[in-house]
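Numbering (this note's numbering), first residue to last: 15 to 413.
Below, the structure is given as structure tokens:
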């Protein structure tokens, strides 16, 4: 593990790369993982396929926004703590700013052209996820055992559904890997360069637990609206498993049932959040900009946004120092092979639902999605260019 200072140029490099993704990464958390793989594994080669699959498997296990946690870890590996902060900020800001402007009265996309763009972006998610499944399956499921684990993960996610299905799929895959993949002796488990000390990990874990227990107690004993909002959004971010969309019922229970925003405002913001790139958790910025207790506006948006992301990042930092030690366990290689194959299965299930079922409504959408897939896999176009092309295609098939 290296603790040498990272050059400022790397931090800027991370910020620019994630800002571009924050402006173009449509389709939800699973699609984001596809964008990340295309950009950082295939194009920039910042980390290997195996290292990326390890990060995805780890972040799927933890509560919080999995795609943002993966991005945070990539920034950390590339440029240290400031790189992690730069990556998170750049990936989060575009959608947060758009949703805050929408909350404050900015016009939403309307009319046939706007609807066509949204439709094209949904089709883009199909192409991105299909490309990720295809590429990861070739690398991570090269034999019948791991292909079978991936298929079992598809069945688990599709048949169980619910927020715990992805965790169950990875757990089953890990156990199956320990039983079925121990005969594979290839050394494909490279150490991850994680510049996080054990002390920093312990402090992050302590902060996570202290805030999770302390904020509700403080909110109960004091009449502070600021503390109440901090508690509500921190708990929502700390207790959600399975991706950004799962946080919606938790937020509804906090902000609607408490009377901070109306049901109509909540549902309108949820609809707008589907049409912007970046993490679904930025929906919190929209709610914070509207909420009555703090008077709404920019302060409420920033507070809500910071508190909903904070627990997932603290928990990730708490776990990372122990990751490479865990991997030295004699059965860790087999376990991670199985978990990585399960990640491929989870992506495959997401390719069907919600990506395919939500976007492919007829032959025109199918042709558009296939075009995007070929642009990514054969012509090697960057993801942002495919977003632009398929958004234009969405306009053509809508008007």
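Don't be surprised by glycine CBs; every beta carbon is placed ideally from N, CA and C. Note that the structure is a prediction, hence the values are computed from the model and not measured.
Quiz item: Does the distance from the CB of residue 32 to the CB of residue 101 come in under 8 Å?
Solution: In contact: residue 32 and residue 101 (Cβ atoms closer than 8 Å).
Quiz item: Considering only residues of the segment 101 to 163, which uninterrupted alpha helix (DSSP H) runs meet the minimum length of 4 residues and lie entirely inside it, listed in chain order?
Solution: Taking 4 residues as the minimum length, the alpha helix (DSSP H) runs contained wholly in the segment 101 to 163 are 125 to 154, in order along the chain.
Self-check item: Residue of 159, 347, 108 minimising C-alpha distance to residue 29
Solution: It is 108.
Exercise. Return the Cβ separation of residue 286 and residue 113 in integer angstroms, given the expectation that the two are a contact with Cβ distance under 8 Å.
Key: Indeed, because the Cβ distance is near 6 Å, the residues count as touching under 8 Å.
Practice problem: Note down the Cα distance separating residue 388 from residue 23, rounded to an integer number of angstroms. | Solution: About 33 Å.
Quiz prompt | Straight-line Cα distance separating residue 409 from residue 250 | solution = Taking C-alpha positions only, residue 250 is separated from residue 409 by approximately 36 Å.
Quiz item: Of the residues 147, 269, 69, which one's Cα is nearest the Cα of residue 87?
Solution: Answer by Cα proximity: 69.
Exercise. Measure the C-alpha to C-alpha separation of residue 75 and residue 194 and round it to an integer number of angstroms.
Key: Whole-angstrom Cα-Cα distance: 21 Å.
Exercise. Decide yes or no for the touch test of the segment 151 to 158 against the segment 308 to 319: beta carbon pairs closer than 8 Å, at least 3 of them.
Key: No: fewer than three Cβ pairs fall under 8 Å.
Quiz item: Starting from residue 321 and walking both ways along the alpha helix (DSSP H), at which residues does that stretch end?
Solution: Judged by DSSP secondary structure, residue 321 falls within the alpha helix (DSSP H) whose first and last residues are 311 to 333.
Quiz item: Given that a residue counts as buried once 16 or more other Cβ atoms are within 10 Å of its Cβ, and exposed if not, what is residue 206?
Solution: Counting Cβ neighbours within 10 Å, residue 206 comes out buried, since at least 16 surround it.
Self-check item: Length of the line joining the Cα atoms of residue 262 and residue 280
Solution: Looking at the backbone, the Cα of residue 262 and that of residue 280 are separated by about 9 Å.
Quiz item: Is the beta carbon of residue 436 less than 8 Å from the beta carbon of residue 85?
Solution: The structure shown does not extend to residue 436, since the chain is modelled only from 15 through 413, so no value can be given for it.
Quiz prompt | 8 Å contact criterion, which residue 143 and residue 369 should meet: CB distance rounded | solution = Confirmed, Cβ separation roughly 5 Å.
Quiz item: Which residues in the same chain as residue 117 place their Cβ atom closer than 6 Å to its Cβ, once the five residues preceding and following it in sequence are excluded?
Solution: Closer than 6 Å at the Cβ level, and outside the excluded window around residue 117, lie 300, 303, 304.
Quiz prompt | Nearest residue (CA-CA) to residue 402, options 67, 139, 57, 90 | solution = In terms of CA proximity to residue 402, 139 leads the group 67, 139, 57, 90.
Practice problem: Compute the Euclidean distance between the alpha carbons of residue 407 and residue 291, then round it to the nearest angstrom. | Solution: Distance between the alpha carbons of residue 407 and residue 291: 18 Å.
Quiz prompt | C-alpha gap between residue 121 and residue 132, whole angstroms | solution = Here the model assigns residue 121 a pLDDT of 48, short of 50, so the residue's position is not dependable and the matter cannot be decided.
Exercise. Would you mind sorting residue 60 into buried or exposed? The rule is 16 or more other CB atoms within 10 Å of its CB.
Key: Buried, because 16 or more other Cβ atoms sit within 10 Å of the Cβ of residue 60.
Quiz item: Beta-carbon separation of residue 241 and residue 233 under 8 Å?
Solution: Cβ atoms of residue 241 and residue 233: closer than 8 Å.
Quiz item: Below 8 Å, can you find three or more Cβ-Cβ pairs linking the segment 323 to 341 to the segment 173 to 193?
Solution: Taking a cut-off of 8 Å on C-beta distances, the segment 323 to 341 does not touch the segment 173 to 193, as fewer than three cross pairs fall below it.
Quiz item: What's the call for residue 169, buried or exposed, on a 16-neighbour Cβ count within 10 Å?
Solution: Looking at its Cβ environment, which holds fewer than 16 other Cβ atoms inside 10 Å, residue 169 is exposed.
Quiz item: Under 7 Å from any heavy atom of the ligand ADP, does the C-beta of residue 148 make it?
Solution: The ligand ADP is not part of the structure shown, which contains no ligands of any sort.
Practice problem: Would you mind reading off the limits of the alpha helix (DSSP H) that contains residue 78? | Solution: Counting along the chain, residue 78 falls outside any alpha helix (DSSP H), and DSSP gives it neither H nor E.
Exercise. Could you tell me whether the Cβ atoms of residue 163 and residue 96 are closer together than 8 Å?
Key: At a Cβ-Cβ threshold of 8 Å, residue 163 and residue 96 do not count as neighbours.
Quiz item: When you compare only the Cα positions, how much space is there between residue 71 and residue 56?
Solution: One C-alpha to the other measures close to 19 Å.
Quiz item: Quick one: is residue 274 buried, meaning 16 or more other Cβ sit within 10 Å of its Cβ, or exposed?
Solution: It counts as buried.
Self-check item: residue 357, buried or exposed, once every other Cβ within 10 Å from all chains shown has been counted against 16
Solution: Residue burial annotation: residue 357 is buried, with at least 16 other C-beta atoms found within 10 angstroms of its C-beta.
Quiz item: residue 183 to residue 353, Cα distance in whole Å?
Solution: Computed Cα separation, rounded: 8 Å.
Quiz prompt | Nearest-angstrom Cα separation, counted from residue 295 out to residue 152 | solution = For residue 152 and residue 295, the distance between alpha carbons rounds to 31 Å.
Self-check item: Proximity winner among 272, 67, 375, relative to residue 149 (alpha-carbon distances)
Solution: Taking each of 272, 67, 375 in turn and checking the Cα distance to residue 149, the smallest one comes out for 67.
Quiz item: Where residue 245 and residue 276 are concerned, what is the direct C-alpha to C-alpha distance, given to the nearest angstrom?
Solution: C-alpha separation (whole angstroms): 20 Å.
Quiz prompt | Close Cβ partners of residue 248 (< 8 Å) along its chain, the five nearest in sequence each way excluded | solution = For residue 248, where only same-chain residues beyond five positions count, the Cβ hits under 8 Å are 225, 226, 229, 321, 322, 324, 325.
Quiz item: In the segment 265 to 298, which residue ranges form an unbroken alpha helix (DSSP H) of at least 4 residues, counting only runs that do not cross its ends?
Solution: Segments of the alpha helix (DSSP H) lying fully in the segment 265 to 298: 277 to 287.
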